[in-house]
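Undergrad: Have a look at the structure that comes next, please.
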Amino acid sequence: MISFSQVRKSYRGGHEALAELSFSIESGELVFVTGRSGAGKSTLLKLIPAIERPTSGTVLVNGQNIGSMRRPAIPYLRRNLGLIFQDQKLLYDRSVFENVMLPLAFTGHARKEAARRARAALDKVGLLAREKANPITLSGGEQQRLCIARAVVNRPGILLADEPTASLDSASATEVMDMFRSFNQVGVTVLIATHDEALVQRLNPRVLTLKQGRLEP
Amino acid sequence: MSAWLRQHWQTFSLTLARLAANPVATLLNVTVIGVALALPLGGYLLLQNLAGVTRQVAGNPQISLFLTREAGKADIAALEARLKQMPGVRAVRFISREQALEGLKRSENMADVIAALQSNPLPDAFVLETGGSTAELEALEPVLKALPKIAHVQFDSTWAKRLESLLALGRTAVSMLAALLAFGLVAVTFNTIRLQILTQQDEIEVSSLIGATDGFIRRPFFYLGVILGGLGALAALAIVYLCMLILNRSILELARFYGSDFRLDFFGFPDCLAVLAFAAVLGWLGAYMSVSRHLANTQSR
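Put into C-alpha cells, the structure is as follows:
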C-alpha cells in the first residue's frame, strides 16, 4: 500500500532529511514512526501525500509513484489520504461543522449528503454536540479530535498523523490514540509520527525508528 | 443536477455570500468600478444621441433656394423644370411666400410677430431633397448659384456635417477614456482579489493540502471578478441613467424654445447587455491576473 525504496530527501542547502529509507506498509496496518525531533519523521509523512517529493528513490502509494506524479493528479491522491497536521491547520473563521465540511466541498457531494457525512464524522470523534462552536473555543484534545474528523470525513484508506498528541495531556492523548486504533480496526491503514515512546509501547504496534534520517534496525 | 453544475452553483452562492458579508467593502469596490465606467459610458450616451440628430439631418441633405422678388410664375415653372432634371436632386418642392407665411403663423412663438407685420417679407423658395454625397452637393452649388432669379442658396446640412466631424473627434476621445478606465477596472479587481486571496490564505493552503484541485481553488476568485465587474457595470448604468433623467429636464426646456422635442434616450437593451458583458470580462481578466500572480506563491509545492 505504501512502499519506500532507497528514498533520499535532501533540502536546498544540503541538509539531508532522509537517507536510504526502505520499508513498506501493508493495507490495514497500524505503524508508528518514532525518533527525536529532526530525525525526519515529518519529512517521511510529507512524502506520502506529495507535499514533498523524494530527491531520489521511489515512493509508491496505492501503486502510484509519488516522485513522478504530475501536479494535476496530486489532489486525487490526497483525497484518499486522511491528513492530520502537526500544526492542525483548523480554520477559525467558521464553525466546527464547516471545518469538517471543507473536504467535501471539492468532491462534489450534494450539500445534504455532505452534511450527513460531516455529522457522522463528528459523532465518531464525540464532537457532534459542539458542531456550531468555533474551533478556537475547543480544548486542545477537542481540537485534535476535530482534525481527525476532518481527516476521516472522506473515508480515506490511509490515515497519516504528524505528532497528534504533542500538545495534549496524557488522558487526552490516550483518547486520541484509542481513536486511531478504532479506525485501524475497521480496516484503515494508520501511520503516526510521534516522539512519545510511552504512548507507543502501550499499544505495542509496529514501530519504525528514525535516527538522523535513517531507519534503526 | 450534475456534480459539476452543483459545484459551480455552490461557488457562485458562496461568492455572493462573501460579498454580502462585507457590505461596506463590496459597496466601495462596486462604486469605484461604477464611477470609472460611468464616465466613458455617459460620454458615449451623449455622442450616440447627438449622432442620431445629425444622421437625421445629414442623411437627406436639403438645399433651400430662395428666389428674388421679381421672379414670376413663368420663371418659377421654368426653374422647377430645370431643377428636376439636375443630377443628385431627388425631389423638388416649391414653397410659395404665402405658404411660408402660413407655416410661420402656425408655430406658436412666431404667431404674434407675424400678426404685427404689414406685408409678407418672405420670398418664394424651392426645397431640394438630395441624396448625394458631400462631393456631389459641392458640385451642385455653383450650378445652383448660376441659375437666374435666385437670391440665395442655403445648404441646410452644412452644420450637421460639421457636427458630425466634431462627433468623430468626441468618439475618439471617449474611446481613449474608455480604454484607460478599462485598465482601471482591471487594476481594481486585481487588487480586490489579491486582498481576498490574502484573507483566505489559510483556507487555500488547507484546501490544497487535503485534495482541492487548482481549478477548485481558483474558481471562487474568477466568480468574484466577474460579479464585481457585473455589479460595477450595473452601478455605472444606474449612474448614467440618473444623470440622463436630470439632464433631460433641462434639455426638454431648452429644446422647446427651438420647437424640438429632442431629448436624451437611454441605451437599448442590447447595449446594456454589451456593457455588462464587457465589464464582466474585464473583471474576469483582473481576477485571472491576480490569481495567477498570487496563488502561484501560496501553492508553490
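Sequence order for the protein chains is Z and D.
Here the first sequence is numbered in the working numbering, starting from 2 and rising by one per residue.
Here the second sequence is numbered in the working numbering, starting from 254 and rising by one per residue.
For each residue, glycine too, the CB sits at the ideal point set by N, CA and C.
Quick check on Z/Gly36 - is its C-beta less than 8 Å from some C-beta in chain D?
TA: Chain D, which has no Cβ nearer than 8 Å to the Cβ of Z/Gly36, makes this no.
Undergrad: Which residues, taken in chain order from the region 53 to 71 of chain Z, show a beta carbon closer than 7 Å to some beta carbon of chain D?
TA: If the cut-off is 7 Å between Cβ atoms, the region 53 to 71 of chain Z has nothing near chain D.
Undergrad: If you draw a straight line from the alpha carbon of Z/Glu143 to that of Z/Ala150, how long is it in whole angstroms?
TA: Approximately 10 Å, taken between the alpha carbons.
Undergrad: Using the three-state DSSP reduction, which class does D/His547 fall into: helix, strand or coil?
TA: Of the three classes helix, strand and coil, the one that applies to D/His547 here is helix, per DSSP.
Undergrad: At the 8 Å Cβ level, is Z/Phe107 part of the contact set with chain D, yes or no?
TA: Output row for Z/Phe107: interface = yes.
Undergrad: Check whether chain B comes within 8 Å of Z/Ala121, counting only Cβ atoms and requiring the distance to be less than that.
TA: Note that chain B does not occur in the displayed structure, where the protein chains are Z and D.
Undergrad: With a threshold of 7 Å on Cβ separation, who are the neighbours of Z/Gly29 within its own chain once the five nearest residues in sequence on each side are excluded?
TA: Counting only Cβ-Cβ distances below 7 Å, and skipping sequence neighbours, we find Gly188, Thr190.
Undergrad: Please classify D/Val366 as buried or exposed, where buried requires at least 16 other C-beta atoms within 10 Å of its C-beta.
TA: Exposed, by the Cβ-count rule.
Undergrad: Quick one: residues in its chain with C-beta nearer than 8 Å to the C-beta of Z/Gln89, no 5 flanking neighbours on either side, listed in chain order?
TA: Counting only Cβ-Cβ distances below 8 Å, and skipping sequence neighbours, we find Gln144, Gln145, Cys148.
Undergrad: For the beta strand (DSSP E) containing Z/Ser183, name the first residue and the last one.
TA: That residue, Z/Ser183, is in no beta strand (DSSP E); its alpha helix (DSSP H) goes 171 to 186.
Undergrad: Name the one or two DSSP bridge partners that Z/Ser25 has.
TA: Paired residues: Z/Ser4.
Undergrad: Which residues, in chain order, does the region 471 to 486 of chain D contribute to contact with chain Z at a C-beta distance below 9 Å?
TA: Result list empty, no residue passes.
Undergrad: Excluding the five sequence neighbours on either side, which residues of its own chain have a C-beta within less than 6 Å of the C-beta of D/Ala304, listed in chain order?
TA: The residues are Leu420.
Undergrad: What first and last residue would you give for the beta strand (DSSP E) that runs through Z/Ile159?
TA: That run of the beta strand (DSSP E) goes 159 to 163.
Undergrad: Based on Cα-Cα distance, which residue from Z/Ala74, Z/Ser96, Z/Met178 lies nearest to D/Ile463?
TA: It is Z/Ala74 whose Cα lies nearest to the Cα of D/Ile463.
Undergrad: Per DSSP, which residues does Z/Thr210 bridge with? Please list them.
TA: Z/Thr210 is bridged to Z/Thr35, Z/Glu217.
Undergrad: Evaluate D/Thr452 with the Cβ neighbour count: other Cβ atoms within 10 Å of its Cβ, from every protein chain shown; 16 or more gives buried, anything less gives exposed.
TA: Counting Cβ neighbours within 10 Å, D/Thr452 comes out exposed, since fewer than 16 surround it.
Undergrad: Taking the C-alpha atoms as reference points, what is the distance between D/Arg554 and Z/Ile52?
TA: Low confidence applies to D/Arg554: its pLDDT is 44, below 50, so where it sits in the model is not reliable enough to give any reading.
Undergrad: Examine chain D for any beta-carbon lying closer than 8 Å to the beta-carbon of Z/Pro165, and answer yes or no.
TA: Taking Cβ atoms only, chain D never reaches closer than 8 Å to Z/Pro165, which makes this a no.
Undergrad: Measuring CA to CA, which of D/Trp262, D/Ala278, D/Leu300, D/Leu281 is closest to D/Leu422?
TA: Nearest C-alpha to D/Leu422: D/Leu300.
Undergrad: Z/Lys90 touches chain D at which residues, Cβ-Cβ below 8 Å?
TA: Chain D residues near Z/Lys90: Asp455, Glu458, Val459, Leu462.
Undergrad: Should D/Gln449 go down as buried or exposed, given a rule of 16 or more other Cβ atoms within 10 Å for buried?
TA: Burial call: buried.
Undergrad: Using a Cβ-Cβ cutoff of less than 8 Å, which residues in the same chain neighbour D/Arg563 once the five nearest sequence positions on both sides are dropped?
TA: Past the boundaries of the shown model lies residue 563 of chain D; chain D is included only from 254 to 554, so the question cannot be answered.
Undergrad: Short of 6 Å in beta carbon distance, which residues of its chain neighbour Z/Pro157, apart from the five on each side in sequence? Order them along the chain.
TA: Closer than 6 Å at Cβ, skipping near neighbours: Asn81, Leu82, Gly83.
Undergrad: Suppose the cutoff is 7 Å on Cβ atoms and the five residues either side in sequence are ignored; what does the same chain contact list for D/Arg424 look like?
TA: Leu300, listed in sequence order.
Undergrad: Taking the straight line between their C-alpha atoms, what separation do you get for D/Leu320 and D/Leu332?
TA: Computed Cα separation, rounded: 10 Å.
Undergrad: Which two residues bound the contiguous alpha helix (DSSP H) that contains Z/Phe98?
TA: Taken as a continuous stretch (DSSP letters only), the alpha helix (DSSP H) holding Z/Phe98 covers 97 to 106.
Undergrad: What is the DSSP secondary structure of Z/Ile58, counted as helix, strand or coil?
TA: The sequence as given places Gly at residue 58 of chain Z; Ile does not occur at that position. DSSP places Z/Gly58 in strand when its eight states are reduced to three.
Undergrad: Output needed for D/Glu394: all residues of its chain with C-beta closer than 8 Å, excluding positions within five of it in sequence on either side, in chain order.
TA: Answer for D/Glu394: Val406, Phe408, listed in chain order.
Undergrad: Would you kindly work out how many angstroms separate the C-alpha atoms of Z/Leu1 and Z/Gln202, rounded to a whole number?
TA: Residue 1 of chain Z cannot be examined here, being either before or after the span of chain Z that is shown, 2 to 218.
Undergrad: With DSSP collapsed to three states, give me the class of D/Val380.
TA: Residue state, collapsed to three classes: strand.
Undergrad: From what residue to what residue does the beta strand (DSSP E) around D/Phe319 run?
TA: Unbroken beta strand (DSSP E) run through D/Phe319: 315 to 320.
Undergrad: Any C-beta of chain Z sitting closer than 8 Å to the C-beta of D/Phe469?
TA: Judged by the 8 Å Cβ criterion, D/Phe469 is in contact with chain Z.
Undergrad: How about the region 271 to 288 of chain D and the region 471 to 482 of chain D: do they share at least three Cβ pairs that are nearer than 8 Å?
TA: Segments in contact, yes.
Undergrad: So if DSSP puts Z/Ser11 in a beta bridge, which residue, or which two residues, is it bridged to?
TA: Beta-bridge pairing links Z/Ser11 to Z/Glu17.
Undergrad: What do you get for Z/Ser57, buried or exposed, if any count of 16 or more other CB atoms within 10 angstroms of its CB means buried?
TA: Exposed, by the Cβ-count rule.
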